[in-house]
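Participant: In the working numbering, the protein residues as written are 3 to 143.
1) Along the chain, where does the alpha helix (DSSP H) containing residue 136 start, and where does it finish?
2) Using the beta-carbon count (16 or more within 10 Å), is residue 64 buried or exposed?
3) If you reduce the DSSP assignment to three classes, tell me which class residue 108 lands in.
4) Look at the alpha carbon of residue 78 and the alpha carbon of residue 122, and state the distance between them as a whole number of angstroms.
5) Let me know the secondary structure DSSP gives residue 21 once reduced to three states.
6) Report yes or no: do the segment 58 to 73 and the segment 124 to 141 share at least 3 C-beta pairs separated by less than 8 Å?
7) Unbroken beta strand (DSSP E) runs of length 3 or more, entirely within the segment 41 to 105: which are they?
8) Enumerate in chain order the residues of its own chain whose CB-to-CB distance from residue 3 is below 8 Å, with the five nearest sequence positions on each side excluded.
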């Protein structure tokens, strides 16, 4: 690709691709996710332990033919459905059927001192955002 570009830069060669890459830069988004990921991965490595805080919340787990989802209590679904399943507006729970399993669970996670997300949620968000970027990026190939 570099040979094809010659003296041109990416902006003049493919403005759409340039704008896509520009859109995810930390100075544009205010997010430093890859840097935060690196820091988390190396946190305390070879130097000591890092303070972790156990967090738990009451949650509802729904399992059905389309997959599984978990949401914490107190969430309201104004659209009236989760994963296409009807919600009882009074209880904010799925209207059960033979195919749908609805159970109360305790959602447990750990947060690392100095970070805004617990590592599992952070990595899930990072993977989701990376997949979305790559789907857009592949349109230019």
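Ideal placement from N, C-alpha and C gives every residue a C-beta, glycine not left out.
Facilitator: According to the data block:
1) If you number the chain shown from 1, residue 136 lands on position 134. Residue 136 -> alpha helix (DSSP H) spans 121 to 140.
2) As a working note, residue 64 is residue 62 in the chain shown. It counts as buried.
3) For the purposes of this step, residue 108 is taken as the residue at position 106 of the chain shown. Strand, per DSSP.
4) For the purposes of this step, residue 78 is taken as residue 76 along the chain shown, with counting starting at 1. For the purposes of this step, residue 122 is taken as residue 120 along the chain shown, with counting starting at 1. Their Cα atoms are separated by approximately 23 Å.
5) As a position in the chain shown, residue 21 is number 19, starting the count at 1. Residue 21 falls in the helix class under three-state DSSP.
6) no
7) 54 to 66, 69 to 74 and 87 to 90
8) The residue given as residue 3 occupies position 1 in the chain shown. Note that residue 3 scores 49 on pLDDT, short of 50, meaning its location in the model is unreliable and no value can be drawn from it.
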